[in-house]
Amino acid sequence: MDALDRAIINNLQGGFPVCDEPYREVAGRLGTSAEELMRRLDVLLENGTLSRFGPMYHAERLGGGLTLAAMQIPTDDFERVAEIVNAFPEVAHNYAREHALNMWFVLATETPERIDQVIAAIERDTGYTVHNMPKREEFFVGLRFEA
Amino acid sequence: MTGRMSAANRASDPDMSLAPQTARNQPPLAEADRRLLAAIQDGLPLVARPFAEIGARIGLAEAEVITRLEHLKQAGIIRRFGVVVRHHEVGYGANAMVVWDVPDEQVRELGRCLAEFDFITLCYRRPRHLPQWRYNLYCMIHGKSREDVHAHLEWMVNHCGLQSLPHEVLFSRRRFKQRGAAYFIEPPVAGEAREG
Chain W
188 MDALDRAIIN NLQGGFPVCD EPYREVAGRL GTSAEELMRR LDVLLENGTL
238 SRFGPMYHAE RLGGGLTLAA MQIPTDDFER VAEIVNAFPE VAHNYAREHA
288 LNMWFVLATE TPERIDQVIA AIERDTGYTV HNMPKREEFF VGLRFEA
Chain Y
-15 MTGRMSAANR ASDPDMSLAP QTARNQPPLA EADRRLLAAI QDGLPLVARP
35 FAEIGARIGL AEAEVITRLE HLKQAGIIRR FGVVVRHHEV GYGANAMVVW
85 DVPDEQVREL GRCLAEFDFI TLCYRRPRHL PQWRYNLYCM IHGKSREDVH
135 AHLEWMVNHC GLQSLPHEVL FSRRRFKQRG AAYFIEPPVA GEAREG
């Protein structure tokens, strides 16, 4: 990753313009060409530095459901359960964490009602309880990783 | 993860921190907006005129795509456009979810205090699950190493006066999946079978 890659990442976490030729506009800011910017983005996505490039939606305003859920899975069954859980398209991400509750994942669904259905399906398919930890209140932070 | 918001967006969203998730009644999205949001949820095409290409896929003119996206941003339905960084890949190798057991009447004050730190990327109040889970305030700390995370935590504890509050630090051992939320899921055959 060189200086231009870092500049792209730091610059585009904040926002991407919505206009006819957005790459050209951003490239101008960064002192490069639209073609080079697109090529760099392609590489950063391809090599996994970026997980995505696009819009972040506001689940509740979209009418969708969003929650954090946790499970307690015995070590020797962890892989099997992780595979089942990750296969659900509603699971946005999933982390193994160091705690008795050792599997933590985020569910994002088209409707709020669907959260309970997916949780019930995960419980049925895995045989373990899912603890639903929905957001009650959000305290705002800036999200930025300096690359 | 959703629930993330840049500092720049904070001002346009002043009331969200008070609104429980279930309290909002949203007007249904226009059909064209749904198609548009579904078309871009996996990312923008890397072509000179990405919004023209998106429009071509769903039968909208470029100008209409841009107008609708501007509106969706103003309405806060799109929080932001941009890149989502895999923190491991840019050198933030340690991430911990720190959970606190905070008396209910102090949650808001402490949540706001924690959210001020730039190494905190998310801060939420969530329900307790007694007896197994006593914690009601969550924050995510990212650092370059575990030592880095612990140093941040110590700083926070002192700054916000959290010495007496029970808490736990849940480091992530492994990331299984990080693709961001997909809100428009075409029901696949396999999905229906699973639901059956």
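Those protein sequence lines, which keep their order, are chains W and Y. Quick note on numbering: the first sequence equals residues 188 to 334 in the working numbering. Quick note on numbering: the second sequence equals residues -15 to 180 in the working numbering. Beta carbons: idealized from backbone N, C-alpha and C, even for Gly.
Item                                                                                                                      : Value
Start and end residues, alpha helix (DSSP H) containing F240 of chain W                                                   : Premise fails: F240 of chain W lies in the beta strand (DSSP E), L237 to Y244, not in any alpha helix (DSSP H).
Outcome for W139 of chain Y when other beta-carbon atoms lying within 10 angstroms are tallied against a minimum of 16    : exposed
Neighbourhood of E108 of chain Y by C-beta, 6 Å cutoff - its chain only, sequence neighbours within 5 removed             : The question names Glu, but residue 108 of chain Y is Tyr in the sequence shown. Excluding sequence neighbours, Y108 of chain Y sits near Y122.
Neighbouring residues, chain W, relative to E131 of chain Y (Cβ below 8 Å)                                                : Those within 8 Å of E131 of chain Y in chain W number zero; the least Cβ separation is about 16 Å.
Buried/exposed call for D189 of chain W, threshold 16 Cβ in 10 Å                                                          : exposed
First and last residue of the uninterrupted beta strand (DSSP E) at T105 of chain Y                                       : I104 to R109
The segment 71 to 83 of chain Y contacting the segment 134 to 154 of chain Y, beta-carbon criterion three pairs below 8 Å : yes
Sequence-distant residues of its chain with Cβ nearer than 8 Å to T346 of chain W (five each side left out)               : Nothing in the structure corresponds to residue 346 of chain W, since chain W is present only between 188 and 334.
Cross-chain neighbours of I50 of chain Y in chain W, by beta carbon under 8 Å                                             : V205, C206 and D207
Top-ranked residue by Cα proximity to L294 of chain W, from W:H318, W:A287 and W:R227                                     : W:H318
Contact set between G95 of chain Y and chain W, taken where Cβ atoms lie within less than 9 Å                             : E324, E325 and F326
Cα-Cα separation, D192 of chain W to V74 of chain Y                                                                       : 11 Å
Ranges of the alpha helix (DSSP H) found wholly within the segment 36 to 70 of chain Y, counting only runs of at least 4  : 46 to 58
Which of helix, strand or coil DSSP assigns to L254 of chain W                                                            : First, the residue type needs correcting, since residue 254 of chain W is Thr and not Leu in the sequence shown. The answer is strand: DSSP assigns T254 of chain W an E or B state.
Own chain partners of R273 of chain W with C-beta closer than 7 Å, once the 5 adjacent residues on each side are dropped  : Per the sequence shown, the amino acid found at residue 273 of chain W is Asn instead of Arg. Closer than 7 Å at Cβ, skipping near neighbours: N281.
Spatial distance of G215 of chain W from P209 of chain W (CA atoms)                                                       : 10 Å
Closest by C-alpha distance to L228 of chain W, when choosing among Y:L30, Y:D26 and Y:E54                                : Y:L30
Endpoints, the alpha helix (DSSP H) within which T296 of chain W is located                                               : First-last for T296 of chain W: M290 to T296, but that is the beta strand (DSSP E), not the alpha helix (DSSP H).
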